[in-house]
Amino acid sequence: MEYPKSGIYEHYKNHEHRYRMISVAKHSETLEDLVVYEALYDNKISKLWARPLDE
Numbered sequence: 001m002e003y004p005k006s007g008i009y010e011h012y013k014n015h016e017h018r019y020r021m022i023s024v025a026k027h028s029e030t031l032e033d034l035v036v037y038e039a040l041y042d043n044k045i046s047k048l049w050a051r052p053l054d055e
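UniProt numbering puts the first residue of the sequence shown at 1, with every later residue one more than the last.
#1: By alpha-carbon positions, which one of R20, N14 and L48 ends up nearest to I8?
#2: When the distance is taken between beta carbons, is R51 closer than 8 Å to L34?
#3: Using the Cα positions of E10 and H17, report the straight-line distance between them to the nearest angstrom.
#4: Provide the residue span of the beta strand (DSSP E) that contains L48, from first to last.
#5: Quick test of your reading: K37 and V24, contact by CB under 8 Å. State the CB separation rounded to the nearest angstrom.
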């Protein structure tokens, strides 16, 4: 599987929302690939996020 490159990405629906892709990590129980990224806009819930790579 080819992993995305670290860098700044725009949200596909809202181009004002940008993210910095930090790394690809493994889920501790399922070993699923997760993308770890940081929201570069004001987000009151969290600054760091992780989601499955295949989404």
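Beta carbons: idealized from backbone N, C-alpha and C, even for Gly.
In short:
#1: Counting from one through the sequence shown, the residue named residue 8 turns up at place 8. Ranking R20, N14 and L48 by Cα distance to I8 puts R20 first.
#2: The sequence position of residue 34 within the sequence shown is 34, counting from 1. The sequence position of residue 51 within the sequence shown is 51, counting from 1. Yes, the Cβ-Cβ distance between L34 and R51 is below 8 Å.
#3: Here the question's residue 10 lines up with position 10 in the sequence shown. Here the question's residue 17 lines up with position 17 in the sequence shown. Roughly 6 Å separates the two Cα atoms.
#4: Translated into the one-based positions of the sequence shown, residue 48 becomes position 48. Its beta strand (DSSP E) spans residues L48 to P52.
#5: On the sequence shown, position 37 is the one that residue 37 refers to. On the sequence shown, position 24 is the one that residue 24 refers to. Looking at the sequence provided, one finds Tyr at residue 37 rather than Lys. The beta-carbon distance between Y37 and V24, rounded to whole angstroms, is 10 Å. This is too long to meet the 8 Å contact definition.
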